[in-house]
Amino acid sequence: MLQEIACSSCGETEELSGERIAGAISMRCNACGERWERDLTPACRSCGSKDLVAVPHAMVEKSRGTQLSVVGTRMINLCSTCEADSIEQWQRNRPNPLMPRVLPTVGDIDDVLSE
Numbered sequence: 014m015l016q017e018i019a020c021s022s023c024g025e026t027e028e029l030s031g032e033r034i035a036g037a038i039s040m041r042c043n044a045c046g047e048r049w050e051r052d053l054t055p056a057c058r059s060c061g062s063k064d065l066v067a068v069p070h071a072m073v074e075k076s077r078g079t080q081l082s083v084v085g086t087r088m089i090n091l092c093s094t095c096e097a098d099s100i101e102q103w104q105r106n107r108p109n110p111l112m113p114r115v116l117p118t119v120g121d122i123d124d125v126l127s128e
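So the number in my numbering is just where the residue sits in the sequence shown, counting from 1, plus 13.
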């Protein structure tokens with residue numbers, strides 16, 4: 014999920030432009046002319062904390078029948094305050110990646126019976 018970026022002056026989300034300069038992005042709203050610096054340091058979307066832990070997260074797909082396979086991993090940032098339970102779960106199961114909370118399912122029984 015991408016972070017929604019909006020002009021703090023007029024709320025515009027589409028007519029924005031930016032230029033990367035060192036550790037930030039210099040943003041400009043083309044609708045109202047407002048300018049601001051956007052920090053590139055990741056932060057928690059819930060509490061704003063910058064105390065994040067990078068954790069490998071499993072990408073899971075159905076391979077055949079009801080069998081699930083890990084097809085890859087990607088790094089995600091977890092907040093040490095808001096997502097402490099997920100960090101603890103990952104630390105207990107290291108070196109394995111953190112599994113998704115919602116796994117792919119077979120689907121509705123009617124879909125299976127109609128095939």
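C-beta: ideal position from N, C-alpha, C; glycine also. In this text, all values refer to a predicted model and were calculated from it rather than measured experimentally.
Residue i in three-state terms, based on DSSP
i	result
Ser99	helix
Ala19	coil
Opening and closing residue of the beta strand (DSSP E) in which residue i lies
i	result
Val73	65-77
Leu107	The sequence shown places Arg at residue 107, rather than the Leu named in the question. Careful: Arg107 lies outside any beta strand (DSSP E) and carries neither H nor E.
C-alpha distance - residue i paired with residue j, whole-angstrom precision
i	j	result
Ala72	Arg114	Checking the sequence shown, residue 72 turns out to be Met, not Ala. Met72 and Arg114: Cα-Cα distance of roughly 11 Å.
Gln102	Asn109	10 Å
Ser82	Glu32	40 Å
Ala35	Ser59	26 Å
Asn106	Gly24	43 Å
Residue environment, residue i, which counts as buried when at least 16 other CB atoms sit within 10 Å
i	result
Val68	buried
Leu91	buried
Cys45	exposed
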